[in-house]
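Novice:
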Amino acid sequence: MTTPATAQPGAAEPGAARRGATQRGGATQRGGAATARTAGAWRPLRSRRTQRGRQTRAAWLFLAPSLTALAVFVVWPMFQAAYLSFTDYNLMQAASWVGLENYRRLLDDPEAWNALENTLVYAAVSTPVSVVLALALALFLNRSMALRGFLRTAVFLPFVVSLGVVSIAWAFLLDADIGLLAHWLSGVGVTTQQGWLEDPSYAMPAVIAVGVWKNLGFYMVMYLAGLQGIPPELHDAARVDGASAWQRLRRVTWPLLANQTMLITIMAAIGTLQAFDQIYVMTHGGPFFQTETLVVFTYRMGFERNEFGYAAAVSWVLLVLVFALSMLQFGYFRRRAVTL
Amino acid sequence: MTQTARTPRTPPRSPDSRKSKGAAKARPSRGIDLALVWRVTTALAAVVIALAVLLPLIWMVLASLRPEQDIVSAPPTLWPRSFTLEHYADIWQELPFATLYRNTIVFAGTVTVVSLLFDSMAAYALARLRFRGREAVFVIVLIMLMLPFQITLVPLYDLLNNLGLVNSFTGMIVPRATNAFGIFFLRQFFLSLPKDLEEAARVDGASEWRIYWRVVLPLARPALLTLGLFHFQFNWNDLLWPLIMTSDTSRATLPAGLSLFMGQHVTQYGLLLAGAVLSLLPVIVLFLLIQRSFVQGIATTGLK
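For the protein sequence lines, the chains are A and B, in the order given. Going by my numbering, the first sequence wraps up at 345, each residue one higher than the last. Going by my numbering, the second sequence wraps up at 300, each residue one higher than the last.
1. Taking buried to mean at least 16 other C-beta atoms within 10 Å of its own C-beta, is A:Gln84 buried or exposed?
2. In whole angstroms, give me the CA-to-CA distance for B:Ala39 and A:Leu152.
3. Quick test of the definition: if touching needs 3 or more C-beta pairs under 8 Å, does the stretch 143 to 160 of chain B touch the stretch 308 to 328 of chain A?
4. How long is the line joining the alpha carbons of B:Leu122 and B:Leu152, rounded to whole angstroms?
5. Can you find at least 3 beta carbon pairs, one from the stretch 134 to 153 of chain A and one from the stretch 218 to 237 of chain A, that sit closer than 8 Å?
6. Given a limit of 8 Å on CB to CB distance, which residues of the stretch 150 to 167 of chain B reach chain A?
7. Residues of the stretch 130 to 152 of chain B in Cβ contact with chain A at a cutoff of 9 Å, in chain order, please.
8. Quick check on B:Leu284: buried or exposed, where buried means 16 or more other Cβ atoms within 10 Å of its Cβ?
9. Could you pull out every residue in the same chain whose Cβ sits closer than 8 Å to the Cβ of A:Ala87, ignoring the five residues on either side in sequence?
10. Using the Cβ count rule (16 or more neighbours within 10 Å means buried), how would you classify A:Phe177?
11. Leaving aside the five residues before and after A:Gly45 along the sequence, list all residues of the same chain whose C-beta is less than 6 Å from its C-beta, in chain order.
12. Looking only at C-alpha atoms, which of A:Met267, A:Ala174 and A:Met332 sits nearest to A:Val137?
13. Out of B:Pro238, B:Ile179, B:Asp244 and B:Val211, point me to the one whose CA is closest to B:Leu223's CA.
14. Would DSSP call A:Trp102 helix, strand or coil?
15. Among B:Tyr84, B:Trp55 and B:Ile54, which residue has its Cα nearest to the Cα of B:Gln264?
16. For the pair the stretch 152 to 171 of chain B and the stretch 208 to 227 of chain B, tell me if three or more CB-CB distances fall below 8 Å.
17. Hey, out of A:His188, A:Val134 and A:Phe161, whose CA is closest to B:Ile45's CA?
18. Can you give the beta carbon distance from A:Gln295 to A:Gly216, rounded, assuming they're within the 8 Å contact cut?
19. Using 8 Å for Cβ pairs, my map puts B:Leu235 next to A:Gly169. What's the rounded Cβ distance?
20. Whose CA, out of A:Tyr285, A:Ser331 and A:Pro163, lies closest to the CA of A:Glu309?
21. Pull out every residue of the stretch 296 to 327 of chain A whose Cβ sits closer than 8 Å to any Cβ of chain B, in chain order.
22. Inspect the CB distances between the stretch 96 to 109 of chain B and the stretch 67 to 74 of chain A and report whether three or more fall short of 8 Å.
23. For chain A, find out if any of its Cβ atoms is closer than 8 Å to the Cβ of B:Arg183; answer yes or no.
24. For a cutoff of 8 Å on Cβ pairs, would you count A:Gln85 as touching chain B?
25. Are the C-beta of A:Phe294 and some C-beta of chain B separated by less than 8 Å?
26. By the 9 Å beta-carbon criterion, what residues does the stretch 167 to 183 of chain A contribute toward chain B?
27. Rounded to whole angstroms, how far is the Cβ of B:Ile286 from the Cβ of B:Leu225, which I believe are closer than 8 Å?
28. Going along the chain, which residues of its own chain have a beta-carbon closer than 7 Å to the beta-carbon of B:Trp88, five neighbours each way excluded?
29. Within 10 angstroms of the Cβ of B:Lys191, are there 16 or more other Cβ atoms? Answer buried if so, exposed if not.
30. Just curious, the alpha helix (DSSP H) that B:Arg130 is in, first and last residue?
31. Within this structure, are the beta carbons of A:Leu185 and B:Leu91 separated by less than 8 Å?
32. Between B:Ile280 and A:Val171, how many whole angstroms is the CB-CB distance? I'm expecting something under 8 Å.
33. Is there contact between the stretch 247 to 258 of chain A and the stretch 110 to 119 of chain B, where contact requires at least three CB pairs shorter than 8 Å?
34. Comparing alpha-carbon positions, which option in B:Trp205, B:Pro72 and B:Leu112 lies nearest B:Ala176?
35. May I have the straight-line CA-CA distance separating A:Val193 from A:Phe281, to the nearest angstrom?
36. Could you check where the alpha helix (DSSP H) with A:Tyr285 kicks off and where it finishes?
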């Protein structure tokens, strides 16, 4: 791979590389590259400070596009959201400062409390369900069996497809009149009067089920990675000692998967706090706001009602929730980085 | 996951088949029968689980192939009473479907290429170059990894609106031009590459750009492929961002466009479902092609 780079520097170099080289003010650079053989002889004698300076300059140039984009499109909007949350901005007229008004309104707004409650219910139900199902599937699939690859692919497939698009199919399947799944469920005695997504007490479970369905394969793969990291000797030893399959799961597998479980739980919780696609397509937050989560509420306030200041305040509540969870994950990452 | 694709049906040699072997050893006379029964049972269970998980996708394909009346007639059935391809023929006229498709390809494709370039450049600096502030930059990237993108939604829309970029490809693509996850992912991979080639090139006087472009990038092909599929899949499937950034179908992508039609064209179920099938197809095909490295990428990023 080095051969073309050193043998024919001028000829084989693509335009982008040429620009990169000249950008760094590398008149000497290019000279050095062109006479690669001779340069090799004396370059190591150059002072380390020059080498260091060269690398520093190059590093910042390499980082420039990403850091600029992140600063403009992530960091600035985040602080701007904080500012807007103290204003009554509505896109039409200039923002005027209203202090804590949006946050006070948030405290008194039953719709906001409802959205927060729905978000927490969603996370609290779907996280443990996802983790348990993913673990069960991973244990089932970690043994040798016919059709194993097929099943893994099948379970993983929902993670790859667009939730926004597949939610269309789910909405059809759960429809009161033409829904196949609703029909089958009523066949085994599980019925709703209005259809699953129109029934206030069933809409949330339905939306949660779709969310779990979507991410299950992802968590399963992470569990499989964890299972494959467990040395087989441990299980053999336990078996020799007469441990039953359940005891081995309880005393060997489960403790050794603690890292995985922790990571998956936090990821699932963060993911569910941000649920949007399936809710927007399947129920739009209805019926009677029964499935409206914080992100859907933010969307409705900001982009349907143009109350951007208020929407920004809501989104900061979400930020606090997600950030708290993320710090857990971050601490966890660091702890693991040391042990690895 | 690695050995799955290649050796799904060679249980005796795979390491986790000890259980059945142990059972056979304990009861040699009935061991074979039990093993066979067990294999059939698990295989059946696998088929049932797979069908249950795939039901929405299977139903969607079958429903898109049946006449309109068949979709809405009661009682609903999984298997079509008759087949037709009319929805697939009509969709190109009835919905601005070709536009939606083109938009999605342009959006997801451009974002993938551009962000692979910028992510890998930043990752190269963070993994292979020594400079003051490197740790600080990496920590900032890590913090950004945790920020929910929804927080930035309102001001980002506002900014692009003021620049007149709402409902334009530029407005949709540029904020996605780089990605903290991509930088993190590639940095981890670049750290694992051997230093020898790079140092040889450096001694030979190659510029940093050339080392990045000619030495490191070619070695990183598997990681780039995985991340590329991540980016492509994520942006192809994304609903919220294109939904906000587009005001009409001239720039709408498939998920956003179809969810709009879900509300408007309630009478044309067949068209909607044919569109849904067509919009899922490219990502599914891509996934099946690069399945192994994709799934491995997830497993390893989960661990790191």
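We put the beta carbon where it would ideally sit given N, CA and C, even for glycine. All figures in this text were calculated on a predicted structure; none of them were measured in a lab.
Specialist: Looking at the coordinates:
1. Looking up residue 84 of chain A in the first sequence gives position 79. Per the sequence presented here, residue 84 of chain A reads as Phe, with Gln not at that position. It is exposed - the Cβ of A:Phe84 has fewer than 16 other Cβ atoms within 10 Å.
2. Along the second sequence, read from residue 1 onward, the residue named residue 39 of chain B stands at position 43. Along the first sequence, read from residue 1 onward, the residue named residue 152 of chain A stands at position 147. Rounded to whole angstroms, B:Ala39 to A:Leu152 spans 6 Å at the Cα level.
3. Judged by Cβ distances under 8 Å, the stretch 143 to 160 of chain B makes contact with the stretch 308 to 328 of chain A, as three or more pairs qualify.
4. On the second sequence, position 126 is the one that residue 122 of chain B refers to. On the second sequence, position 156 is the one that residue 152 of chain B refers to. Just so you know, the alpha carbons of B:Leu122 and B:Leu152 end up roughly 27 Å apart.
5. Yes: the two stretches touch, three or more of their Cβ pairs being nearer than 8 Å.
6. Flagged, chain order: Val150, Pro151, Leu152, Tyr153, Asp154, Leu155 and Asn157.
7. Cβ contacts with chain A come from Arg130, Val133, Ile136, Val137, Leu138, Ile139, Met140, Leu141, Met142, Leu143, Pro144, Phe145, Gln146, Ile147, Thr148, Leu149, Val150, Pro151 and Leu152.
8. As a working mapping, residue 284 of chain B is identified with position 288 in the second sequence. Here B:Leu284 is exposed: its Cβ has fewer than 16 other Cβ atoms, across all protein chains shown, within 10 Å.
9. Translated into the one-based positions of the first sequence, residue 87 of chain A becomes position 82. Residues of the same chain with a CB within less than 8 Å of the CB of A:Ala87, apart from the 5 flanking positions on each side, are Ala317 and Trp321 in chain order.
10. Numbered from its first residue, the first sequence carries residue 177 of chain A at position 172. Within a 10 Å sphere around the beta-carbon of A:Phe177 sit 16 or more other beta-carbons, which makes this residue buried.
11. Against the first sequence, residue 45 of chain A aligns to sequence position 40. Reliability fails at A:Gly45, whose pLDDT of 43 lies under 50, so the model's placement of it is uncertain and no value is given.
12. Position 132 of the first sequence, counted from the start, is the residue given in the question as residue 137 of chain A. The shortest Cα separation from A:Val137 among A:Met267, A:Ala174 and A:Met332 belongs to A:Met267.
13. Residue numbering aside, residue 223 of chain B sits at position 227 when the second sequence is read from its first letter. Comparing Cα-Cα distances from B:Leu223 to each of B:Pro238, B:Ile179, B:Asp244 and B:Val211, the minimum goes to B:Ile179.
14. As a first step, residue 102 of chain A is located in the first sequence; it is residue number 97 there, counting from the start. Per DSSP, reduced to three states, the secondary structure at A:Trp102 is strand.
15. Stepping through the second sequence from its first residue, residue 264 of chain B is reached at position 268. Checked all of B:Tyr84, B:Trp55 and B:Ile54; the closest Cα to B:Gln264 is B:Tyr84.
16. In short, these stretches do not touch, since the Cβ pair count stays below three.
17. For this step, residue 45 of chain B is matched to residue 49 along the second sequence. Nearest C-alpha to B:Ile45 among A:His188, A:Val134 and A:Phe161: A:Phe161.
18. The sequence position of residue 295 of chain A within the first sequence is 290, counting from 1. The sequence position of residue 216 of chain A within the first sequence is 211, counting from 1. The pair is not a contact, with the Cβ atoms about 15 Å apart (cut-off 8 Å).
19. Sequence index remark: in the second sequence, residue 235 of chain B carries index 239 (1-based). Sequence index remark: in the first sequence, residue 169 of chain A carries index 164 (1-based). Correct: roughly 4 Å between the Cβ atoms.
20. Translated into the one-based positions of the first sequence, residue 309 of chain A becomes position 304. Nearest option by C-alpha distance: A:Tyr285.
21. Result list: Val300, Thr303, Tyr304, Gly307, Phe308, Phe313, Ala316, Ala317, Ser320, Trp321, Leu323, Leu324 and Val327.
22. No: the two stretches stay apart, fewer than three of their Cβ pairs being nearer than 8 Å.
23. Residue numbering aside, residue 183 of chain B sits at position 187 when the second sequence is read from its first letter. With respect to chain A, the C-beta atom of B:Arg183 has no partner C-beta closer than 8 Å.
24. In the first sequence, counting from the first residue as 1, residue 85 of chain A sits at position 80. Against chain B, the CB of A:Gln85 has a partner CB under 8 Å away; the residue lies at that interface.
25. Numbered from 1 along the first sequence, position 289 holds the residue referred to as residue 294 of chain A. Under the 8 Å criterion on CB atoms, A:Phe294 is classed as non-interfacial with respect to chain B.
26. Within the stretch 167 to 183 of chain A, the residues whose Cβ lies closer than 9 Å to some Cβ of chain B are Ser167, Leu168, Gly169, Val170, Val171, Ser172, Ile173, Ala174, Trp175, Ala176, Phe177, Leu178, Asp180, Asp182 and Ile183, listed in chain order.
27. For this step, residue 286 of chain B is matched to residue 290 along the second sequence. For this step, residue 225 of chain B is matched to residue 229 along the second sequence. Contact between B:Ile286 and B:Leu225 holds, since their C-beta atoms are separated by about 5 Å, short of 8 Å.
28. Sequence index remark: in the second sequence, residue 88 of chain B carries index 92 (1-based). Ala94, listed in sequence order.
29. Indexing the second sequence from 1 puts residue 191 of chain B at position 195. Per the 10 Å Cβ criterion, exposed.
30. Locating residue 130 of chain B in the second sequence gives position 134, counting from the first residue. Its alpha helix (DSSP H) spans residues Arg130 to Met142.
31. As a first step, residue 185 of chain A must be located in the first sequence, where it is residue number 180. As a first step, residue 91 of chain B must be located in the second sequence, where it is residue number 95. In this structure, B:Leu91 does not lie closer than 8 Å to A:Leu185 by Cβ.
32. Against the second sequence, residue 280 of chain B aligns to sequence position 284. Against the first sequence, residue 171 of chain A aligns to sequence position 166. Contact check for B:Ile280 and A:Val171: beta-carbon distance about 11 Å, past the 8 Å limit, so the pair fails to qualify.
33. Segments in contact, no.
34. Numbered from 1 along the second sequence, position 180 holds the residue referred to as residue 176 of chain B. Looking at the Cα atoms, B:Leu112 is the closest of the given residues.
35. Taking the first sequence and counting its residues from 1, one reaches residue 193 of chain A at position 188. Taking the first sequence and counting its residues from 1, one reaches residue 281 of chain A at position 276. The alpha-carbon atoms of A:Val193 and A:Phe281 are separated by roughly 31 Å.
36. Working through the first sequence from its first residue, we reach residue 285 of chain A at position 280. Note, A:Tyr285: alpha helix (DSSP H), Asp282 to Met287.
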